[in-house]
Amino acid sequence: MSHHDHSTADRGPQEIAELPKDKVARFDAALPEILRRVPPDHKEAAMLAALRRAQEIFGWLSPAAQKLAADRLGASATRAEEVATFYVMYHTRPVGRHVVEVCTNVSCSLAGGFDLFEDLKGKLALENGGTTADGRITLRQVECLGSCGTAPVMLVDEEMHEGLTPQSVTQILGGLK
Amino acid sequence: MSETLILTKRWPKKDPSLVGYRADGGYAGLEKSLGMEPVAIVEQVKASNLRGRGGAGFPTGLKWTFLPKDVRPRYLCINADESEPGTFKDRYICEYDPHMLLEGIAITCFALDIHLAYIYIRGEFAKQARALEKAIEEAVAAGIFGGPKLLGKADFPLEVHVVRGAGAYICGEESALMESVEGKKGYPRFKPPFPAIIGLWGKPTIINNVETLANVPWIVEHGAAAFAALGAGKTGGTRLFGVSGNVKRPGVYEKPAGYNLKKLIMEDCGGTASGRPVKAVIPGGSSSPVLRGDEIDISLEPDAIKSAGTMSGSGGVIVMDESVCMVRALARIAMFYAEESCGQCTPCRQGTPWMWKILEKIERGEGTMKDLALIEQLPGNIMGQTICALGDAAAMPVQSFVKKFRQEFVEHIEGRGCKHGETAWGVSRQAREALVGGNRH
Ligand SMILES: Cc1cc2nc3c(=O)[nH]c(=O)nc-3n(C[C@H](O)[C@H](O)[C@H](O)COP(=O)(O)O)c2cc1C
Ligand code: SF4
Ligand code: FES
Numbered sequence: 014m015s016h017h018d019h020s021t022a023d024r025g026p027q028e029i030a031e032l033p034k035d036k037v038a039r040f041d042a043a044l045p046e047i048l049r050r051v052p053p054d055h056k057e058a059a060m061l062a063a064l065r066r067a068q069e070i071f072g073w074l075s076p077a078a079q080k081l082a083a084d085r086l087g088a089s090a091t092r093a094e095e096v097a098t099f100y101v102m103y104h105t106r107p108v109g110r111h112v113v114e115v116c117t118n119v120s121c122s123l124a125g126g127f128d129l130f131e132d133l134k135g136k137l138a139l140e141n142g143g144t145t146a147d148g149r150i151t152l153r154q155v156e157c158l159g160s161c162g163t164a165p166v167m168l169v170d171e172e173m174h175e176g177l178t179p180q181s182v183t184q185i186l187g188g189l190k
Numbered sequence: 005m006s007e008t009l010i011l012t013k014r015w016p017k018k019d020p021s022l023v024g025y026r027a028d029g030g031y032a033g034l035e036k037s038l039g040m041e042p043v044a045i046v047e048q049v050k051a052s053n054l055r056g057r058g059g060a061g062f063p064t065g066l067k068w069t070f071l072p073k074d075v076r077p078r079y080l081c082i083n084a085d086e087s088e089p090g091t092f093k094d095r096y097i098c099e100y101d102p103h104m105l106l107e108g109i110a111i112t113c114f115a116l117d118i119h120l121a122y123i124y125i126r127g128e129f130a131k132q133a134r135a136l137e138k139a140i141e142e143a144v145a146a147g148i149f150g151g152p153k154l155l156g157k158a159d160f161p162l163e164v165h166v167v168r169g170a171g172a173y174i175c176g177e178e179s180a181l182m183e184s185v186e187g188k189k190g191y192p193r194f195k196p197p198f199p200a201i202i203g204l205w206g207k208p209t210i211i212n213n214v215e216t217l218a219n220v221p222w223i224v225e226h227g228a229a230a231f232a233a234l235g236a237g238k239t240g241g242t243r244l245f246g247v248s249g250n251v252k253r254p255g256v257y258e259k260p261a262g263y264n265l266k267k268l269i270m271e272d273c274g275g276t277a278s279g280r281p282v283k284a285v286i287p288g289g290s291s292s293p294v295l296r297g298d299e300i301d302i303s304l305e306p307d308a309i310k311s312a313g314t315m316s317g318s319g320g321v322i323v324m325d326e327s328v329c330m331v332r333a334l335a336r337i338a339m340f341y342a343e344e345s346c347g348q349c350t351p352c353r354q355g356t357p358w359m360w361k362i363l364e365k366i367e368r369g370e371g372t373m374k375d376l377a378l379i380e381q382l383p384g385n386i387m388g389q390t391i392c393a394l395g396d397a398a399a400m401p402v403q404s405f406v407k408k409f410r411q412e413f414v415e416h417i418e419g420r421g422c423k424h425g426e427t428a429w430g431v432s433r434q435a436r437e438a439l440v441g442g443n444r445h
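In structure tokens, the structure reads:
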């Protein structure tokens, strides 16, 4: 079963104080580099970057992780939540250790992308958005990845794999621990 | 015939370094610009007939003149969102020749008195974002920009930063892009006011596509007339066309702006991979109205292709041969727009999923002629009724597919299903595997 059931266990830490101290320290250490890119009077402009960093550090964006990003940018928790839920690359529910995202838009499906995704669902016994029982892989179908000339393509933890074949997909997935 | 290549010339070298770019004469355009009056640069760009490569084809120089004279600061946003299905060109500029883009940005900023530029790149392009970051670091370290002077000569502080998106097609729309740069969800703004008047943080802002600005160094260096002469009609220069789908040689092709679509597909790309006739071509990204195979002998120049009832949009050409089911293809496109609608306007929020569901129903063989009548009517209820152009983008493919391939929709309804069965996506994959022994890159 996927983790997408909304059980309380999945709601994760609610307050910043519940987050592991070492990870919060890592997040704070990353802040100056993030803030360097925005005007000092517009710190909240760094929200996307701050949430991305928080997700890398905490694994997913729990309410507490969202609050941390908001707090450090002087923004409201609502603002962080709005952003975290708007963009598909942010995970507001726990995900597997690896996120595999297969493009099924037109150019990819013409080159077998749809079939690859269906095969993977079968092999991993998952529905779209589901996570394997061992927490290894979250699988989703995504929209055009801007790589249609080398279709079909997929992202694995933000790394693009192009010109896929059923064989190369098996190999790439086999390498995920 | 040797064709003039502006944008792809250095790609085969796979050398994005500053050293390599300079060895090939890079930053000469910026050097020359610094000896020009800023207004003269704008005049050059106007006279070059450079038009936006992001989709709408708006004249670039003209857009620049919309900036109010005395409001400061002004900002530049570079659109590297590249999310329109079928489009995959800007990523290669970022990957293989990032300094060409940075030089274009520096010249543009100098011409428009802009001191802060943001390159907004879609979140999925992690590698391309790293390539841009690295190029910026190199340029700053070499004193090209980032300090008090440009190229160590003109007093002109300029900061260029990369902002990564996080997965949202709508953020390619210019006002949603600015919201996202401001660190918000990507809700398009009402227009007018246009960004050139009220943009990022309420200040005048120019937004241009990556490919658009990558042309600027060449224009300054070689002159407006030479650039205009490469194109056709009111569109100067070459364009990057990304061809995908059922062709022997998919990829990005740099061609004169007025290049013939059929020639691009049949000669440059070698025709269909399957050897079967072309059935349908989407000529400019998924939102551009589809053409039948017998309608593709046309110029890709934006004004010329308009008379064929479609657009060359973002230059993303998707080719489908006879083995592809048009209902399936359209249903997938409709799903995309339904998923990507931001939900602000009722016609778009409700109309896009409705169109998708009806198309899926017809595809499954559960549709009726009443559904077909509805799918013919719905696009008209969305077009022109929304805050941003995503509504139109969703409506145009539906309208054109049903019009051009109506019989196929009727067959699905009367035959209670798809005659293609499991192979509704056609034989491209098998054809390509037979051709090249599997996909390669
Ligand atoms: C829904 C939607 C998505 C868009 N996506 C992109 C995009 O990914 N890249 C882009 O350059 N322009 C995109 N545009 C067009 C931009 O709004 C804008 O016109 C363009 O960036 C201007 O640059 P140009 O004049 O240099 O083409 C999109 C427009 C709409 C309505
Ligand atoms: S047209 Fe669609 S995407 Fe654009 S603002 Fe309205 S609801 Fe959002
Ligand atoms: S359709 Fe899959 S990358 Fe464009």
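Here the protein sequences come in this chain order: P and R. Residue 14 is where the first sequence starts when you use the working numbering, and the numbers rise one by one after that. Residue 5 is where the second sequence starts when you use the working numbering, and the numbers rise one by one after that. Heads up, the beta-carbon is just placed ideally off N, CA and C, and yes, glycines get one too. Being a predicted model, the structure only gives us computed values, none of them experimental.
- Along the segment 47 to 61 of chain P, going in chain order, the ones with a CB nearer than 7 Å to a CB of chain R are Arg50, His55, Glu57, Ala58, Ala59, Met60, Leu61.
- Of the other Cβ atoms in all chains shown, 16 or more fall within 10 Å of the Cβ of Lys67/R; this residue is therefore buried.
- The alpha-carbon separation between Phe405/R and Arg110/P amounts to approximately 41 Å.
- Neighbours of Met324/R across chain P, judged by C-beta separation under 9 Å: Val119, Leu123.
- For the segment 153 to 176 of chain P, the beta-carbon criterion of a distance under 9 Å to any beta-carbon of chain R is satisfied by Val155, Glu156, Cys157, Leu158, Gly159, Ser160, Cys161, Gly162, Thr163, Ala164, Pro165, Leu168, Glu171, Glu172, Met173, Glu175, Gly176.
- Between the segment 250 to 258 of chain R and the segment 137 to 151 of chain R, the count of C-beta pairs closer than 8 Å stays below three; the two stretches do not touch.
- DSSP places Asp28/R outside both helix and strand once states are collapsed to three, so it counts as coil.
- Residue contact check for Arg65/P against chain R: a CB pair falls below 8 Å.
- Residues of the same chain with a CB within less than 6 Å of the CB of Glu364/R, apart from the 5 flanking positions on each side, are Ala335 in chain order.
- With respect to the C-alpha of Ala435/R, the residue from Met324/R, Leu382/R, Gly425/R having the closest C-alpha is Met324/R.
- In its chain, beyond the 5 residues on either side, Lys207, Pro208 have a beta carbon closer than 8 Å to the beta carbon of Val75/R.
- Distances from the CA of Lys361/R to each of Lys13/R, Gly317/R, Met339/R were compared; the closest alpha carbon is that of Met339/R.
- Assignment of beta-bridge partners to His165/R by DSSP yields Tyr122/R.
- Here Thr112/R is buried. Its C-beta has 16 or more other C-beta atoms within 10 Å.
- Sequence-distant partners of Ala158/R (beyond 5 residues in either direction) whose C-beta falls short of 6 Å from its own C-beta, in its chain, are Leu38.
- Taking the Cβ of Ser292/R as the reference point, every heavy atom of ligand 1 lies at 7 Å or farther away.
- Distance from the C-beta of Val166/P to the nearest heavy atom of ligand 3 is below 7 Å.
- The beta carbon of Lys131/R sits closer than 8 Å to some beta carbon of chain P.
- Among the residues of chain P, those whose CB is under 9 Å from the CB of Ala333/R are Val119, Ser122, Leu123, following chain order.
- Counted as a single uninterrupted DSSP element, the alpha helix (DSSP H) harbouring Leu394/R occupies residues 394 to 408.
- In this structure, the CA atom of Met315/R is about 43 Å from the CA atom of Pro152/R.
- Closer than 8 Å to the CB of Glu140/P there is not a single CB belonging to chain R.
- Neighbours of Glu95/P in chain R, taken as residues at a C-beta separation under 9 Å, are given in chain order as Lys188, Lys189.
- Here the residues close to ligand 2, judged by CB distance below 6 Å to any of its heavy atoms, are Ile174/R, Pro192/R, Ser345/R, Cys346/R, Gly347/R, Gln348/R, Cys349/R, Cys352/R, Arg353/R, Thr390/R, Ile391/R, Cys392/R, Leu394/R, Gly395/R in chain order.
- Comparing alpha carbon positions, the residue from Leu81/P, Leu74/P, Val119/P closest to Val101/P is Leu74/P.
- Going by beta carbons, Lys259/R and Asp301/R fall outside the 8 Å limit.
- Using a CB distance cut-off of 8 Å, Asn219/R does not count as an interface residue toward chain P.
- Asn141/P has its CB no nearer than 7 Å to any heavy atom of ligand 3.
- DSSP places Arg49/P outside any beta strand (DSSP E), giving it a letter other than H or E.
- Residue state for Pro192/R is assigned as coil, using DSSP reduced to three classes.
- A contact between stretches requires three or more CB pairs, one per stretch, nearer than 8 Å, and the segment 209 to 220 of chain R fails this requirement with the segment 286 to 300 of chain R.
- Three or more pairs of CB atoms, one per stretch, sit closer than 8 Å, so the segment 237 to 247 of chain R contacts the segment 261 to 280 of chain R.
- Shortest gap from the CB of Glu86/R to any heavy atom of ligand 1: under 7 Å.
- Note that the segment 424 to 431 of chain R touches the segment 123 to 140 of chain P; at least 3 beta-carbon pairs, one per stretch, sit closer than 8 Å.
- For Asn385/R, the enclosing alpha helix (DSSP H) has its first and last residue at 373 to 386.
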